[in-house]
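Working notes for the structure below.
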Amino acid sequence: MIIDKKYIVDDNNKKLAVQLSIETFRKIEEALENYSLYQLMNEDKSEILSVAEAKEYYQNLENESSIQ
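Heads up: the sequence shown begins at -10 in the numbering used here, then just goes up one per residue.
In C-alpha cells:
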C-alpha cells in the first residue's frame, strides 16, 4: 500500500504530525482491525465461533468503533 502523506512541520522543519487522506486512514484502520481480529482469533482456540457468530462479533466491534 502506498501511503500518500503530508508532514506538518514547525519553523525549524521538525516534523510534528502527518496528514493523511480519509481514504488512506480508513485503509490503515481496516488493516489494523483485521490484524487485531486475526491475533484475537489465534489467542484462544478453545472458543470456536460459527460463521454467523463471528460475523455478529465483528459487526459489534465495528459498531463500538464507530461510536467512539
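C-beta atoms are modelled at their ideal positions from N, C-alpha and C, and glycine is treated no differently.
Residue i (DSSP reduced to helix, strand or coil)
i          : result
lysine -5  : strand
leucine 21 : helix
leucine 29 : helix
leucine 9  : strand
lysine 44  : helix
lysine 3   : coil
serine 54  : helix
Among the options, the one whose alpha carbon lies nearest that of residue i
i           : options                   : result
alanine 6   : Leu29, Lys44, Val(-2)     : Val(-2)
serine 10   : Tyr(-4), Asn2, Lys3, Asp0 : Tyr(-4)
tyrosine 27 : Glu12, Thr13, Tyr46       : Tyr46
Q: May I ask you to verify whether the region 18 to 29 touches the region 46 to 55, counting CB pairs closer than 8 Å and requiring at least 3?
A: yes
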